[in-house]
Each structure stands twice: as C-alpha cells, then as structure tokens.
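Peer 1: Quick one: the structure is below, and I'll ask about it shortly.
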Amino acid sequence: MASLPSVAVPGTIKLDLDFKKSSQTSLSTHKNSSIFNAKTDPRCLDFREALSMIEEGSKVETAFYVPILQECIDRNSVSEAQIIHTHIIKTGSYEDSFLTTFLVNVYAKCGEMGYARKVFENFPQRNIVTWTTLMTGYVYNSMPELAIKVFQEMLESGVYPTNYTIGAVISACSFMSSIRFGKQIHGYIIKYKLDCDTSTGNALCSFYSKCGKFGAAVKAFRRIKEKNVISWTTAISACGDNGRANMGLKLFVEMLSEDAGPNDFTLTSILSLCCLLHAVGFGEQVHSFSIKLGFEPNILIRTSFMYLYLKCGRIDESRRLFDGIEDISLVTWNAMIAGYAQMTDHAKDSLMAHHSGTEALNIFLRLMRSNMKPDLYTFSSVLTVCSSLIALEQGEQVHAQTIKTGFLSDVVVGSSLVNMYNKCGSIERATKAFVEMPTRTLISWTSMITGFSQHGRTRQALDLFEDMRLAGVRPNKITFVGVLSACSHAGKVDEAMRYFEMMKKQYGIKPMMDHYSCLIDMYVRLGRLKEAFELIEKMDIEPNEFVWSLLIAGCRSLKNMELGFYAAERLLELKPKDTEAYALLLNMYLAEGRWNDVSRVRKLMREEGRGKLMDWSSINIKDKVYSFKPDGRSHHQSAEIYALLEDLLEKAKSLGYVSLRCLEMDDEDVVKEKTVSSTVHHSEKLAVAFGLLNVSSGAPIRVIKSISMCRDCHSIIKFISELTGREIIIRDSRRLHQFNNGHCSCGDFSNLL
DNA sequence: CGCTCATAAT
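If you use our numbering, the first sequence corresponds to residues 33 to 785, in order.
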C-alpha cells in the first residue's frame, strides 16, 4: 500500500457538543400544506387532470397555477407551460406580476430563454423580481454575458437592485471568471452598503473562490457579520476548490466551536475535503458525529462516507455501508466505481491497485446488469479504470456502451475516451475519438496534445496546440506541460523556450515545477548537463525530488559522477518521500562500488520509514489478469518463460546488447552479491515473455509495472521488440513506454532506475 | 448564495 500523504489534522471534533440540527437542513423539508381543498388543489390531482381543468377555460386562483408550473419545471415540459401561459393570458391573470415572473422562470429552467425574454418584454409592470429572474435564467443557461447586459439595462432604467439581484450578477461573474467585472460589482455593493448582508457576502465569497482568489474569498467570508450555514459551507468548499483542504477542516472545527450546526451540505463538503487529504481518521469522527446528529438515513451522506473509506483503502467498512443501502441509486454506484478507480491511483506500488481496478469493472458490470442506466460519471470513471489497467479490450466495450446509451457525444465522456486510448497506446483510436467529438473543452485538447507528446509525435502535438489556440481555447498550465514535454522529447530547445516565454508573457501563467522539469529533462536528454544544472540553480522555486532525480539519471548516463554525487547529496537533504528516489541513488552507488554510500542510503531509508521497492508487473489477457514478481518461478509456464528469455537474451547479445548492472528490487539481502554478476529478471521481463507466449500473434503486448523500469530492462525490451517484431507497451509508474522495432516512444532518455 | 460522483501531466 502506498504511503498516504501525512495530514496535520486540526484538533479533534468534540463529540459532546449537542447541536440542534439546522433548520435549513433538507432532511426536514416537510412543508406544511393542507390548507387547500383537495378537489381544487392541483397537488392532490394528477398533473394531466390539473392541466385539463385549465384547458376547460375557467379562471382560477393564482395559487392553482403555482404547483403545476413547478411541475412543468421538474418535467422540463415547455408545451404544457405554453398551455398554461395561454390560459393566463386568456383569463387576464397576465397582469399578476407574480405569475408572469414565474412564467419567466419556467421558460428559463426549461432552457427556452427566447420565450422567457418575450414574456419579460411584453410585461410593462415588470418589477425587480422579474428583472432578477430573467438574469438568473441567463446564468442558468450558461449565458452570463446576457445576464450582465440585462443588469446594465436595469440600472439604466432606474431600477435598484436587491441583494438577490446582486447574487445573480455575481454568479454571472463567477461563470465568466471575470475578476474585473466582479470587482466593479463589489465596488457597487460597498457603495450601497450591501457588503455585510449575509446572502451577498456568501455570493461574493463564492465568486472570489471560483476565480481562484482564495484570499479575497476568505476576506469576504470574514466580513459577513451574521454567518449562516451557507456562509460556512461556502467558505469550506472554497478551501477545497483552492487546494487548501486542510484549512477547510480547521474552518469546520471553528464552525462547531461557534455553535453553528452543520447541515447535510456542510457534511458532504467536509467529506470531500477528507477525500482530498485522505484524512480517514477525521472522517471517522465526522461519521460518528453525523450519526449522533441524525444524518444516518441520508443516503448521499452515507454514500460520501462509503466513498471516503473506499478511497482510503478501507474496503470492508466501505462495503458494509454499500451493502446497507437498500435502494442503491446511480450516485452510489458511481461513487463505488470512482472510489475503486481512485484507489488505483493512490496504491501504485501494490497489487491491491490492480485488484481494485478489476473490482471497479465488476461493479460496472453489476450496474449494467441491473436496470439502472449509467451516466457520464459512470462512463468517465470506468474509462479511467480501463486506462490505468491499460485494458484496451474492456475500454472498447465501454466505448460501445457509450454509443448505445447516447453518451458518446458528451464532452467529458469523449475526453475520457481520448485519454483511455492514449493510455492504452492506441494513438490512432485516440485521434479518431478526438476528431469525432462534437465539442471540445480545454481538457479534450490538452489530453490529445499530451497523447501525441507521449507517443513521441512532437510535430503533431505542437500543431494541435496551434489549432487549439486558433479555436480560441485558452491553454492552461497543464497544456503547457504537454507542449514543453513534446519539445523536450524532440530536443527542440528554441521552440521550448519560445513556448515557455509565451506561457509567461502572453498567458500570464507562472511556471511551476512541472514546467521546469520538462526543460531540465530536455537539457539532460541532449547531454547538456551544465545548462540543466544552471536552470535548477536559477529557478525561483526550490528544486524538488523529481528535478534532482532527473539530473542524477542524466549524470549516470553521461558518466559525470562529480555532478551526480553533488545532486545526490541535494536529493538526500530533501529526505525524499518517494522510494524510487532512494532506489535511483542505490543503483548509482552500487554501480560505482561506493559501499559506504549504499549503507548510508539504506540507513536513511529505514529512518524515513520508506519500505522496499515492490516490483510487480501485470498483463491482461482475455478478462484475466496475470501478475508477476521479479524472478518468480511459481507460474505454471515458468519453464517456458525462462527458456524464451534466455533465448532472446542470447540473440540480443549478438545484436549488441550489453547488460547493465542493476539493483535487485525485492530482496535486500542478496543485492551485494548478485547485482554485479548475474542477470536479474525484473517483473516486466517475465510479463512480456508470458505475453509473447500467450497473446495472439501480431497483437501488441500491454504490461503495467508498479515502479519505474530500470535501464537494463528498458534496453533489453527494445531488443526484444526488434527480435520479435511485436509492439510492446509498458506503463510504469512514471510514463508510457511504447516499444517498436527496437525504439521506445519515451526517446530513451527517461529517468530510468 | 452552498453539496456528493467525472475527464488532462514530467
């Protein structure tokens, strides 16, 4: 199991505090209703019956329309709304501003802003609520610019906004991420002294958070004099959205100490923070706390707990919760699939990761067999699982399901498909999926650019980047990681620098470590160690473990041990969290015969509580997963596997293969003796040989490896791909290696162990 | 005005 990030949990929750449940909790939504006569109250009638009463034509009370119009919104039925609309006009209820405003709302919620606008235009008695409803409608239908325009019209016509209006305008600003306009609105709010009003303050806090201005969001929150549950919940989610999950937990504790009772929204927000932090201990406290407050029956909260436990590897507890839910909704299924998928991400060096991936696929199958219809969340999660398992066949089946259910055209599902095909090594199918997408987002473009880059297709990656800019999509920092890594692959220093400058100047993106890593990787690949080192010294960020590892890998290949040893000391000072960093150092010191350093690193590893490197590989053949450990002989085909490897090694030697000294991964005690002399069969070699024996001829071999490949295996597999004419794809913990005719898509100079 | 499940990386 991978070590989880350590979390400084802010104190513990005092469980003896006895909160009253907030009145706003949606657990107590039971509204008092029975003043109406059952015969004329449409809530007691069938929707059709109520409608036909209207079609008969007699005038009815305003209150009669309300539930039917509400029903129109819930059913998203425009035609029924039009029937009621006609009736309202015919009977003269049109002058009722409440009803007319409601009609604007109905059309807006049904996505018919044209109709909504018409109702508004034809209604001279429009009041502030009508204006606000129209604006809210535009925001609801993703037209924030029009909402702002309406706001300006309104001010010009001399109508003064209420805090509801301001709320709508601010959501429009959030939608556009328009800091400039939002600040103008903020100025307006201060001018009219609306600032401390609770709902306005909440909206402002949410706005600044969505624009990434966390500091301003917190300030807005702090200025609210009378904070309600929504204020606290908004501030807590703001922490999560801005990478400050820990502070969110602190706010929660503060909230409790101020006697503010959380509701179900607050709890789900807190749980998503716990997920981000893997703070399962904190989550457990919240769990018992929430039971005490009576949130137990709430299925969404139960689902959130289930998801948290699963994501943190507490499979049993999670399953108990899952099994306890009688009426499993799609959200619960999805959370279960996503939970297993996320576990895959965080348990890379364990076989458990693989099992959780296959378990996620099983859950997906169960879902499909039940009568539930999957949605975009189901598909994106399950496609992620296929990616991490490089399960191309299963991925194709899911692809077929997206077509069958009509989700193929969804942009998130489409992006997930592109990503899945890329990760499975099929750049052709990824390209096809990308081209066929009806709409694309930043993420779709970035996925495809990165895909080209990973497959060593630099020109296509850069061309696509230009296409993306021409299409008017603004690249973000991750897009630039893709672009710079593409340049790095091809050794295009000038272009890399040009894009790096473009990123800073034209797009105002502050370089982060990942961008520097690409540049350093580029210099190292070109053998320009000095420039790589100078860049490290020059950066305005503290170099991290990864950067030093890159340099060390370069120094080893180019035999610049002086710089290599220097970099090693810097790396050791950081007390790396990543076990692979220690393995890299051990490999280097072993190769140089520096036994003192070997034991020094070993000691530090023990002190830091870093375990051994777990090397395992797995291969997926026809719905079955086969796993291999290094030098494993327990497999029933072991004899054939070893014979094949021996044969291939001999042939490779005649083609010029020279074995490189390498660390034995799984067994510390024999390292000294064996590394220098005999060949070590790391797990991927066994998996590849097994694949050669069992995968139908001509088909690519796809292997997943728990840790980085070592230089020796990387070299021999290049020869194997040449000797057998097979395409071999190995996804290790760092990147995708696609071997074809003696070449690898990583361009060879990756920081192998 | 707040919420759970989702897609991109060296």
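By construction, the Cβ of each residue, glycine as well, lies at the ideal position given by its N, Cα and C atoms.
Are LEU135 and ILE115 close, meaning C-beta to C-beta below 9 Å?
Peer 2: no
Peer 1: Using CA atoms only, rank isn't needed, just tell me which of PHE321, GLN317, CYS307, LEU303 is closest to GLY293.
Peer 2: When only C-alpha atoms are compared, the closest one is PHE321.
Peer 1: Any idea if TRP627 is buried or exposed, counting beta-carbon neighbours within 10 angstroms, 16 or more meaning buried?
Peer 2: exposed
Peer 1: Can you grab the Cα-Cα spacing for the pair ASN773 / GLU754, in whole Å?
Peer 2: 4 Å
Peer 1: What number of angstroms, rounded off, separates the C-alpha of ALA462 from the C-alpha of MET175?
Peer 2: 32 Å
Peer 1: I need the straight-line Cα distance from SER109 to TYR97, nearest angstrom please.
Peer 2: 15 Å
Peer 1: Only counting the same chain, and skipping five residues up and downstream in sequence, which positions put a Cβ closer than 7 Å to that of SER448?
Peer 2: PHE411, SER412, LEU415, THR416
Peer 1: For LEU305, count the other beta carbons within 10 Å of its own beta carbon; 16 or more makes it buried, fewer makes it exposed. Which is it?
Peer 2: buried
Peer 1: Assuming LEU178 and TYR170 form a contact by the criterion Cβ under 8 Å, report the distance between their Cβ atoms to the nearest whole angstrom.
Peer 2: 4 Å
Peer 1: Sort THR471, HIS521, ASP744, ASP526 by Cα distance to GLY504 and report the nearest one.
Peer 2: THR471
Peer 1: How long is the line joining the alpha carbons of LYS536 and ASN508, rounded to whole angstroms?
Peer 2: 11 Å
Peer 1: Ignoring anything shorter than 4 residues or poking outside the segment 578-654, list the alpha helix (DSSP H) runs there in chain order.
Peer 2: 593-605, 611-623, 627-639
Peer 1: So is LYS259 buried or exposed if we call it buried at 16+ other beta carbons inside 10 Å?
Peer 2: buried
Peer 1: Can you give me the Cβ contacts of SER129 inside the same chain, cut-off strictly under 8 Å, excluding the 5 residues immediately before and after it?
Peer 2: Leaving aside the five residues that flank SER129 on each side, the residues in its chain whose CB is nearer than 8 Å to its CB run, in chain order, PHE155, GLN157, ARG158, ASN159, VAL161, THR162.
Peer 1: With distances taken from CA atoms, which of ILE761, ILE86, LEU236 is nearest LYS122?
Peer 2: Nearest C-alpha to LYS122: ILE86.
Peer 1: Are there 16 or more other CB atoms within 10 angstroms of the CB of SER55, so buried, or fewer, so exposed?
Peer 2: Residue confidence is low: SER55 scores 33 on pLDDT, short of 50, so the model does not pin down where it sits. Its coordinate-derived value is still stated next. It counts as exposed.
Peer 1: Taking 7 Å as the limit between beta carbons, can you name the residues of its chain near LEU516, skipping five residues before and five after?
Peer 2: ALA528, TYR531, PHE532, HIS547, CYS550, LEU551
Peer 1: Going by alpha carbons, who is nearest to GLU460 out of ASP679, ASP655, PHE484?
Peer 2: When each option's Cα is compared against that of GLU460, the closest is PHE484.
Peer 1: Is SER241 closer than 9 Å to LEU299 when the C-beta atoms are compared?
Peer 2: no
Peer 1: Based on Cα-Cα distance, which residue from GLU639, ARG638, ALA719 lies nearest to LEU676?
Peer 2: ALA719
Peer 1: Could you tell me how far apart the beta carbons of THR266 and SER238 are, in whole angstroms, since I believe they sit closer than 8 Å?
Peer 2: 5 Å
Peer 1: Quick check on the DSSP output: what are the complete alpha helix (DSSP H) runs of length 4 or more inside the segment 513-544, in order along the chain?
Peer 2: 525-537
Peer 1: Need the endpoints of the alpha helix (DSSP H) that VAL735 sits in, please.
Peer 2: Looking at the DSSP string, VAL735 is not in any alpha helix (DSSP H); the run it does join, the beta strand (DSSP E), is 733-737.
Peer 1: Are there 16 or more other CB atoms within 10 angstroms of the CB of PRO329, so buried, or fewer, so exposed?
Peer 2: exposed
Peer 1: Please name the residue or residues paired with ASN772 in a DSSP beta bridge.
Peer 2: HIS775
Peer 1: Based on the DSSP secondary-structure assignment, which residues constitute the bridge partners of ARG763?
Peer 2: ILE736, LEU768
Peer 1: Select from VAL444, GLY457, SER458 the residue whose C-alpha is nearest the C-alpha of TRP477.
Peer 2: VAL444
Peer 1: Closest to ASP679 by CA distance: which of LYS717, ILE360, CYS587, PHE284 is it?
Peer 2: LYS717
Peer 1: For GLY272, count the other beta carbons within 10 Å of its own beta carbon; 16 or more makes it buried, fewer makes it exposed. Which is it?
Peer 2: Flag for GLY272 reads buried.
Peer 1: Measuring CB to CB, does SER301 end up less than 9 Å from SER269?
Peer 2: yes
Peer 1: State the DSSP-derived secondary structure class of TYR658, mapped to helix, strand or coil.
Peer 2: strand
Peer 1: For the segment 209-238, which segments carrying the alpha helix (DSSP H) assignment without a break, of at least 4 residues, lie completely within its bounds, in sequence order?
Peer 2: DSSP assignment within the segment 209-238 yields the following whole alpha helix (DSSP H) runs of 4 residues or more, N-terminal first: 211-223.
Peer 1: Given ASN195, which residues of its chain have a CB within under 6 Å of its CB, disregarding the five upstream and five downstream residues?
Peer 2: Here the set comprises LEU226, ASP229, SER231, THR232.
Peer 1: Alpha carbon to alpha carbon, what distance is there between LYS570 and PRO732?
Peer 2: 43 Å
Peer 1: Could you pull out every residue in the same chain whose Cβ sits closer than 7 Å to the Cβ of GLY779, ignoring the five residues on either side in sequence?
Peer 2: GLY488, HIS521, ARG557
Peer 1: Quick one: Cα of PHE253 to Cα of SER289, how far?
Peer 2: 17 Å
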